[in-house]
Structures are given as C-alpha cells and as structure tokens.
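Heads up: take any position in the sequence shown, counting from 1, add 13, and you land on my numbering.
By construction, the Cβ of each residue, glycine as well, lies at the ideal position given by its N, Cα and C atoms.
Owing to the predicted nature of the structure, the values given are computational and were not obtained by experimental measurement.
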Amino acid sequence: MKTQVYISEPSPTCPFRVEAAQYTPVTPAGDGLTLVFLHAMSLHKETFAPMIDHFLAAASTSIKDVWSIENPNHGRSSVLNQELLAGPSYREYWSAAEYARATYSFLTSPAHGVDFSTRRIIGLAHSSAVSVLMMLIHEEEFSSEKKPLQFTSIILLDPALLPPEFPSTKILSSMFGKFASTKREKWPTRAAARQYLAVHPAFKAWDPRALQLFVECALREGSGSDVVLSCSRAQEAAFYLSPTTDFKARPVEIFTKLVRADALPIHLITCLKDEYKGQTRPSKEFQIAQIRSAARGSVQLLDRGGHMFPQVEPALCAEAIQRALSGETKARL
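What follows is the structure in structure tokens.
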C-alpha cells in the first residue's frame with residue numbers, strides 16, 4: 014500500500030493543525046469505499062497501520078482509500094501544536110469535542126484535495142474515539158455552520174460507550190484516570206522506552222510492529238535528550254475524569270438515538286474478555302443489546318485480543334472489519 018501524510022491548518026472550528034495518514038491500495042477502486050479511522054487516547058494515527066496492511070492485502074470489498082486522523086495532542090500532531098497545548102487553556106484539559114472538531118476540520122480542509130462529501134465514507138473508531146465519532150455524526154455538536162458529512166456505515170471497535178448511570182462507568186473513569194496520571198512519561202532513549210514497554214502489562218501482548226510504531230510515533234523529543242509521551246499524562250487523565258458530558262452521557266445519548274432511527278448501519282466488534290476485571294461487561298452488554306435490537310448493523314464477539322485487539326491482533330481485527338463490510342457477521346470469531 015502507498016502512504017501519504019497530510020496536514021490541515023487551523024480553521025474557524027479548530028485552532029489546531031491536524032495531521033492524517035492516507036493509505037491507498039495497490040489498485041484503488043475509483044468508486045470504492047473510503048474508510049476513516051479515529052484512534053484511542055494515548056495512541057497515534059499510525060497505530061492502525063499493521064491492521065490496515067492486513068485489511069488491504071486481503072480485502073474483498075472495493076476500497077478507494079483509508080485515512081487515519083490524529084488527535085491534535087497526540088503523535089506528531091502534538092509537536093505541530095506544542096505551543097498551544099502548553100498554554101493555560103489546554104495544559105491540563107482535553108475532551109472528545111476537541112478531537113471531533115479537529116476531525117471535521119481536516120475532512121473539510123483543502124489540504125488534501127479530497128471532497129469527502131462525494132465519498133462513501135465508513136467511520137471506524139476504537140475505544141474512547143467512539144465518543145468522538147458520535148459527536149462527528151451529530152453535526153450540531155460543535156458548529157452550527159457545518160457542512161454535513163455523510164457516513165455509509167460505522168464500525169465501533171471495542172467502544173468506550175459508558176452509560177453514566179452505570180456504577181461500572183464511575184469505576185472505569187477513575188481507573189483510567191489513575192492509570193493515565195501515574196504512568197511513566199519519560200525515557201532516556203527510544204530504545205529504552207521499547208525495552209520498558211515490551212514487558213509492561215499494557216503492551217507486552219501487542220503485535221511487534223504495533224509496539225514499534227508506538228515507540229516511533231507516540232513519543233516525542235523532550236526538553237533535553239530524552240523522549241516523552243506525546244499526549245501528556247495531565248491531558249489524558251483530564252479526558253477521563255472530566256465532569257463534562259462529552260465523553261460519557263452525550264455520546265451514549267447519540268448512540269441510542271442512532272440505533273432507534275435504524276437508518277445508519279452500526280457494526281460492533283468487541284471482546285468480552287478484556288483487561289479491566291469485568292468492569293466493562295455492563296456497558297458491553299448494553300451496546301450489544303442496543304445494536305441487536307436494530308434491523309441494520311451487526312455484532313461480532315472476538316475471543317482474544319482484549320480491549321486493544323487492533324494492536325494485539327491486527328490480522329483478526331482486519332478480518333472482522335471485512336466481515337462487517339461484506340455482511341458476513343454470523344460467525345463468532
């Protein structure tokens with residue numbers, strides 16, 4: 014596949030520069046689908062590359078191209094926006110709305126020369142980015158002057174759609190916030206970072222290429238000769254612990270509204286066995302029941318990979334996405 018990186022400039026709806034990667038098949042289909050990926054907190058736009066490689070190599074669905082759009086305070090985008098991110102408005106703050114604004118700003122930018130309003134777009138999001146996708150679909154969330162973006166369908170990869178009234182939601186928010194605020198954020202070299210992460214419980218099961226991409230793309234040069242996390246601990250923790258509703262209540266509200274309307278096919282790919290001691294089970298059962306109540310869409314339950322299955326099992330994830338797109342979703346993987 015061919016890879017090209019584009020950067021959009023700040024816009025009236027977004028103060029940040031936004032970087033995205035475009036992946037094009039060896040033989041792109043002129044009238045094929047355009048897939049747009051949004052990544053989870055603390056990751057980066059290249060995190061889907063191993064899975065996209067598997068997907069494009071074996072895809073039976075006609076694909077024009079695949080895009081992965083970066084959260085402005087993550088990856089290389091955090092370097093482009095470092096001065097603004099270090100200011101008082103963002104130093105200890107981040108929200109799903111910021112990523113949603115950035116995604117919309119990129120998709121409607123002239124930087125890439127693509128008119129996405131003419132494309133058949135499949136929206137795909139992993140974990141907390143599903144909240145971002147919900148806000149992006151609900152066009153009045155962050156701009157009354159938006160040009161509508163039309164999605165052909167959406168695919169949710171182990172979504173963090175957490176009903177606020179569930180006791181498990183409070184437990185998970187606290188758990189994620191504590192993990193984010195206490196994680197190691199600095200290493201003397203990238204080689205040292207890779208050695209540390211390769212045996213860390215959160216990373217040791219990752220596909221080797223996905224882990225290497227994290228080391229290369231989720232870390233940036235620090236103030237000295239060291240390397241640091243591109244997404245700061247304070248911003249990540251603020252995202253999970255924010256009392257505002259854009260990570261929890263509002264995305265769940267939009268999700269249930271979409272399910273009731275049953276106009277947009279929603280495909281859920283999730284793993285019931287994850288790393289969070291059963292605390293995600295209530296929200297996952299809620300998501301499964303909602304989607305199974307609709308005529309459109311599908312549910313696939315993976316038996317391995319955990320919450321981070323796009324990074325742990327990229328080939329399995331690619332197969333599941335292909336099944337969702339082709340309608341072959343009856344099998345339990």
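Sequence-distant Cβ neighbours of Arg203 in its own chain, meaning closer than 6 Å and more than five residues away, are Val228, Val240.
Fewer than three pairs of CB atoms, one per stretch, sit closer than 8 Å, so the stretch 86-97 makes no contact with the stretch 281-294. With distances taken between CA atoms, Gln225 lies nearest to Ala211 out of Ala211, Ala215, Gly235. A distance below 7 Å separates the beta carbons of Ala42 and Ser75. Where Gln35 is concerned, the enclosing beta strand (DSSP E) starts and stops at 31-37. In this structure, Val49 is the residue among Thr16, Thr26, Val39, Val49 with its C-alpha nearest to the C-alpha of Ile334. Within the stretch 244-323, the runs of alpha helix (DSSP H) that reach at least 4 residues and sit entirely inside it are, in chain order, 246-254, 262-274, 294-305. The continuous stretches of beta strand (DSSP E) do not include Tyr103, and DSSP gives it neither H nor E. Here Gly136 is bridged, per DSSP, to Val49, Ile167. If you draw a straight line from the Cα of Thr121 to the Cα of Pro28, it is about 14 Å long. Here the C-alpha atom of His280 lies approximately 23 Å from the C-alpha atom of Pro38. When Arg273, Val325, Val312 are compared, the shortest CA-CA separation from Leu338 is found for Val312. Residue pairing by DSSP places Trp80 opposite Gln35, Val49 in a beta bridge. Lys58 and Leu69 have their C-alpha atoms spaced approximately 17 Å apart. Annotation for Leu232: the continuous beta strand (DSSP E) segment containing it runs 232-234. Collapsing the DSSP output to three states places Thr16 in a strand. A direct Cα-Cα distance of roughly 11 Å separates Ala142 from Ser55. Residue pairing by DSSP puts Leu242 in a beta bridge opposite Leu232. For the pair Ala110 and Ser144, the CB atoms are not nearer than the 7 Å cut-off. Of the residues Ser102, Ile168, Arg114, Val31, the one whose Cα lies closest to the Cα of Pro323 is Ile168.
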